[in-house]
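Participant: Quick one: this structure, given as structure tokens, is what I'll be asking you about.
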Amino acid sequence: MNIEVVTTIPELFDQFKEYGIIGRAIKTGKINFDVINLRNYAHDLHKTTDDYAYGTGVGMVMKVEPVFEMFDEYLKSHQRPWIVYPSPQGETFDQSKAFELSQKNDVMFICGRYEGVDERIMSIVDEEISIGDFVISGGEAITMVFVEAMARMIPGVVGKEVSVENDSFFSGLLDHANYTRPRSYRGMDVPEVLRSGDHAKVGKYLLKDAIKRTIEKRPDLFLKRDLSFEEKAAIIALLREKKEC
Ligand code: SAH
Numbered sequence: 003m004n005i006e007v008v009t010t011i012p013e014l015f016d017q018f019k020e021y022g023i024i025g026r027a028i029k030t031g032k033i034n035f036d037v038i039n040l041r042n043y044a045h046d047l048h049k050t051t052d053d054y055a056y057g058t059g060v061g062m063v064m065k066v067e068p069v070f071e072m073f074d075e076y077l078k079s080h081q082r083p084w085i086v087y088p089s090p091q092g093e094t095f096d097q098s099k100a101f102e103l104s105q106k107n108d109v110m111f112i113c114g115r116y117e118g119v120d121e122r123i124m125s126i127v128d129e130e131i132s133i134g135d136f137v138i139s140g141g142e143a144i145t146m147v148f149v150e151a152m153a154r155m156i157p158g159v160v161g162k163e164v165s166v167e168n169d170s171f172f173s174g175l176l177d178h179a180n181y182t183r184p185r186s187y188r189g190m191d192v193p194e195v196l197r198s199g200d201h202a203k204v205g206k207y208l209l210k211d212a213i214k215r216t217i218e219k220r221p222d223l224f225l226k227r228d229l230s231f232e233e234k235a236a237i238i239a240l241l242r243e244k245k246e247c
């Protein structure tokens, strides 16, 4: 899949592109990741991409011309991408939005700064997406979060050392607890069953744990869920265990 990020601070993505799952996805060609420097489309000496807000004169607003010129140039050699403007005024991002974006061939993120963008830029934007009900100073960190979440959904991006299916929200349940060595640390032991090597038992245990955590931490998610046969069985087992305690 192709991902483009339009930003006035391309340097912020230098490390992001190199490391971890994103770095590997880029190196193996699963993702083509291009960072477009909006300042290349500013014509004055200082490469200005912002200006005073009409009306109030308070605060700076991202100018329309560099974005439109960048887009004209882009369209000369590419198909029109799906354009996302990270914005506190959009719908809130979640796992299903990450999946939806990961299914597209080409997504372009336009990172806002200052008070936001000139409203006329919205005429080329397909979707505004928010990270939550708070405001930060720029779309770059937010775009990184969106791209990280989307990338996990692209087949082959996450190796078998990480399991996307078990991620919280993927199946509508939170992830079960995870442990690694040592098996005992400061009096805290890894649950016996996880060390048993009995895959069927381990599977049942992990499902019970995921259900228990979801009920405890996010009952709202649990209430929305249509339970499978295995999940109902896991709940019965949990209740029986409780009775025995
Ligand atoms: N004045 C604007 C916020 C501007 S913040 C408003 O109140 O709507 C500057 C930029 O940071 C925005 O253009 C956007 O790209 C990004 N940003 C800030 N908070 C965000 C959030 N919660 N979700 C998505 N993008 C956000």
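Terminal number for the sequence shown in this note's numbering: 247, no gaps in between.
Every residue, glycine too, gets a C-beta built ideally from N, C-alpha and C.
Here the structure is a predicted model, which is why all the values come from computation and not from measurement.
CB of I123 to nearest heavy atom of the ligand SAH: below 7 Å?
Facilitator: I123: no, Cβ never under 7 Å from the ligand SAH.
Participant: Report all residues from its chain with a CB closer than 7 Å to the CB of C247; omit the five preceding and five following residues, and keep chain order.
Facilitator: Excluding sequence neighbours, C247 sits near nothing in its chain.
Participant: Sorry if obvious, but does the Cβ on A237 come closer than 7 Å to a heavy atom of the ligand SAH?
Facilitator: The displayed chain sequence assigns Ile, not Ala, to residue 237. No; taking the cut-off as 7 Å, the Cβ of I237 has no heavy atom of the ligand SAH nearer than that.
Participant: Work out the CA separation of R154 and K106 for me, nearest whole Å.
Facilitator: Straight-line Cα distance between these residues: approximately 14 Å.
Participant: So does E129 have its beta carbon nearer than 7 Å to some heavy atom of the ligand SAH?
Facilitator: No; taking the cut-off as 7 Å, the Cβ of E129 has no heavy atom of the ligand SAH nearer than that.
Participant: Taking the DSSP output, what are the residues bridged to P88?
Facilitator: Its beta-bridge partners are I131.
Participant: Is the beta carbon of V37 within less than 7 Å of some heavy atom of the ligand SAH?
Facilitator: Every heavy atom of the ligand SAH is 7 Å or more from the Cβ of V37, so no.
Participant: Give a single yes or no on whether V66 has its beta carbon closer than 7 Å to a heavy atom of the ligand SAH.
Facilitator: Not under cutoff, so the answer is no.
Participant: Does the ligand SAH have a heavy atom nearer than 7 Å to the CB of F136?
Facilitator: Indeed, a heavy atom of the ligand SAH lies less than 7 Å from the Cβ.
Participant: Compare the C-alpha of V109 against each of Y181, I28 and Q81 and name the closest.
Facilitator: The shortest Cα separation from V109 among Y181, I28 and Q81 belongs to Q81.
Participant: Under the rule that 16 or more other beta-carbon atoms within 10 Å means buried, what is Y21, buried or exposed?
Facilitator: Exposed is the call here.
Participant: Cβ of G141 versus every heavy atom of the ligand SAH: is any distance shorter than 7 Å?
Facilitator: G141: yes, Cβ under 7 Å from the ligand SAH.
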